[in-house]
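Chains as they are written, first to last, in the working numbering: chain C, 2 to 143; chain F, 2 to 143. Cβ coordinates follow ideal geometry from the N, Cα and C atoms, glycine included. Remember, it's a predicted structure, so these values are computed and weren't measured experimentally. These notes are about the structure you will find just below.
Number of protein chains: 2
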Amino acid sequence: MAWDSFIRMQEKLIGRLSRKVQSDSGMSAADFIVLASLTESDEGRMRLLDLAKRVEWEKSRMSHQVARMAKRGLVAREECPDDGRGAFILATPAGYRAIEEAAPIHVEHVRRLFVDALTPEELDTLGRISARVLTHMETQPD
Amino acid sequence: MAWDSFIRMQEKLIGRLSRKVQSDSGMSAADFIVLASLTESDEGRMRLLDLAKRVEWEKSRMSHQVARMAKRGLVAREECPDDGRGAFILATPAGYRAIEEAAPIHVEHVRRLFVDALTPEELDTLGRISARVLTHMETQPD
DNA sequence: CGATACTAGTTGACACATCAACTAGTACCG
DNA sequence: CGGTACTAGTTGATGTGTCAACTAGTATCG
Numbered sequence: 002m003a004w005d006s007f008i009r010m011q012e013k014l015i016g017r018l019s020r021k022v023q024s025d026s027g028m029s030a031a032d033f034i035v036l037a038s039l040t041e042s043d044e045g046r047m048r049l050l051d052l053a054k055r056v057e058w059e060k061s062r063m064s065h066q067v068a069r070m071a072k073r074g075l076v077a078r079e080e081c082p083d084d085g086r087g088a089f090i091l092a093t094p095a096g097y098r099a100i101e102e103a104a105p106i107h108v109e110h111v112r113r114l115f116v117d118a119l120t121p122e123e124l125d126t127l128g129r130i131s132a133r134v135l136t137h138m139e140t141q142p143d
Numbered sequence: 002m003a004w005d006s007f008i009r010m011q012e013k014l015i016g017r018l019s020r021k022v023q024s025d026s027g028m029s030a031a032d033f034i035v036l037a038s039l040t041e042s043d044e045g046r047m048r049l050l051d052l053a054k055r056v057e058w059e060k061s062r063m064s065h066q067v068a069r070m071a072k073r074g075l076v077a078r079e080e081c082p083d084d085g086r087g088a089f090i091l092a093t094p095a096g097y098r099a100i101e102e103a104a105p106i107h108v109e110h111v112r113r114l115f116v117d118a119l120t121p122e123e124l125d126t127l128g129r130i131s132a133r134v135l136t137h138m139e140t141q142p143d
């Protein structure tokens, strides 16, 4: 059944990739995404809710994550003069170092485990199917 | 990019489905899988490691999960006469009731959010692509 | 200015996942 | 029988995700 294959594939793939990120860099997949988003952003810093929207997480998830990362020295908070409620989140030098080291290795694993398994046409098809499911979900309640 | 679409789709879909299981039935996705495996098994009971293999989890993950479920009365342990180290895990009547109520609702959500988004050919293609990635991963180290 | 509604973000409780270290029973080999 | 290796499963620490309730600053409108 297509559904079962999809589920199994997706679990194995995500599991392997995130264990790889962890063992290669000492960062979790969550750390990786947050740092990647921060360092790719225009200013190199973002408000917490913008960061959460960018990666489509709930605010509380991001809040917890940023708190943990701040404790480990990967990101820092900077006062926001315009809005006393929040702050900017930015990557520390250690954060930059970590993401710059981890990113190419991660890309390589994605290529090796996923991209290389498929022909360019299949990859393209999968992309279109994914986009289709995504837009379909948006039309569905809940 | 195909990879990005795939990741976004997969996250949204899994997230929505597991939140649905939770809110419809009070069970987590993990509870659901464990109960489904147990009640579908021949004897209605399984050794912990067999259960873990069936759903491709680590033994410690399954051990923690079964402990939580036992505490909530969804499963129970039964002595194993042949092997003093372990026990059989089986679903309690409450466990059966929970899975029998939740399963059709879950299937319906999968249909509504995922299957309905695609043509039968696309579904088939996705199934084949998933299987391909799975077997490819098996050839890869790590 | 003051009430009221909204927004940004935090917090605490709980369930879940992973890793490594551990216990205890089983199998095998001499 | 006795030692040694293996297997079944547990445990504790730590990080992660979700929900609901909360704090505190901002906006709006009279």
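*Limits of the unbroken beta strand (DSSP E) element including Ile76 (chain F)*: The amino acid occupying residue 76 (chain F) in the given sequence is Val; Ile does not appear at that position. Residues Val76 to Glu80.
*Quick one: does Lys60 (chain C) have its CB under 8 angstroms from some CB of chain F?*
no
*Could you name the residues of the segment 103 to 125 of chain F whose beta carbon sits closer than 8 angstroms to any beta carbon of chain C, in the order they occur along the chain?*
Val111, Arg113, Leu114, Phe115, Val116, Asp117, Ala118, Leu119, Glu123, Leu124 and Asp125
*asked:* Can you give me the C-alpha to C-alpha distance between Leu14 (chain F) and Val22 (chain C), rounded to a whole angstrom?
replied: 23 angstroms
_Identity of the residues DSSP links to Ala88 (chain C) by a beta bridge_ = C:Glu80
_Residues of its chain near Glu79 (chain F), where Cβ-Cβ distance is below 7 angstroms and the 5 sequence neighbours each way are ignored_ = Arg46, Ala88, Phe89 and Leu91
*Please list the partners that Lys54 (chain C) has in chain F, where partner means a Cβ-to-Cβ separation under 8 angstroms.*
Neighbours of Lys54 (chain C) on chain F: none; closest Cβ ~13 angstroms, over 8 angstroms.
*Can you name, in chain order, every residue of its own chain whose Cβ lies under 6 angstroms from the Cβ of Arg69 (chain C), other than the five neighbours on each side?*
none
*Could you have a look at Met10 (chain C) and say whether DSSP puts it in helix, strand or coil?*
helix
_First and last residue of the uninterrupted alpha helix (DSSP H) at Met138 (chain C)_ = Pro121 to Thr140
*Taking Arg98 (chain C) as the reference, which of C:Val76, C:Leu114 and C:Pro82 has the closest Cα?*
C:Val76
*Measuring alpha carbon to alpha carbon, tell me which of C:Arg62, C:Ser64, C:Arg133 and C:Thr40 ends up nearest Ala103 (chain C).*
C:Thr40
*Per DSSP, which one or two residues make a beta bridge with Arg48 (chain F)?*
F:Phe89
*asked:* What are the residues in the segment 126 to 139 of chain C lying within 7 angstroms of chain F by C-beta distance?
replied: Thr126, Leu127, Gly128, Ile130, Ser131, Ala132, Arg133, Val134, Leu135, His137 and Met138
*Using 8 angstroms as the threshold, is the segment 105 to 121 of chain F in touch with the segment 126 to 134 of chain C, meaning 3 or more CB pairs across them?*
yes
*Once you ignore the five residues that flank Ala53 (chain F) on each side, which residues in its own chain have a CB closer than 6 angstroms to its CB?*
Lys60 and Met63
*Cα separation between Glu123 (chain C) and Asp51 (chain C)?*
34 angstroms
*asked:* List, in chain order, every chain C residue whose beta-carbon is nearer than 7 angstroms to that of Ala30 (chain F).
replied: In chain order: nothing, as chain C lies at least about 11 angstroms away.
*Are any of the Cβ atoms in chain F nearer than 8 angstroms to that of Asp25 (chain C)?*
no
*Confirm, please, whether the CB-CB distance from Ala31 (chain C) to Gln66 (chain C) is below 8 angstroms.*
yes
*Arg112 (chain C) versus Val111 (chain F) - alpha carbon distance*: 29 angstroms
_Neighbour-count burial assignment, Met28 (chain F), 16 or more Cβ in a 10 Å radius_ = buried
_Quick check on Asp43 (chain F): does DSSP put it in helix, strand or coil?_
coil
*With 8 angstroms as the threshold, decide whether the Cβ of Ser38 (chain C) is near any Cβ in chain F.*
no
*Take Ser144 (chain C) as the anchor and find which of F:Glu139, F:Arg129 and F:Thr140 has the nearest alpha-carbon.*
Since the first residue shown for chain C is 2 and the last is 143, residue 144 (chain C) is missing from the structure and cannot be characterised.
_Distance CB(Leu114 (chain F))-CB(Leu36 (chain F)) smaller than 8 angstroms_ = no
_Contact with chain F by Asp143 (chain C), beta-carbon distance below 8 angstroms_ = yes
_By the DSSP assignment, the alpha helix (DSSP H) with Arg62 (chain C) in it spans what residues?_
Lys60 to Lys72
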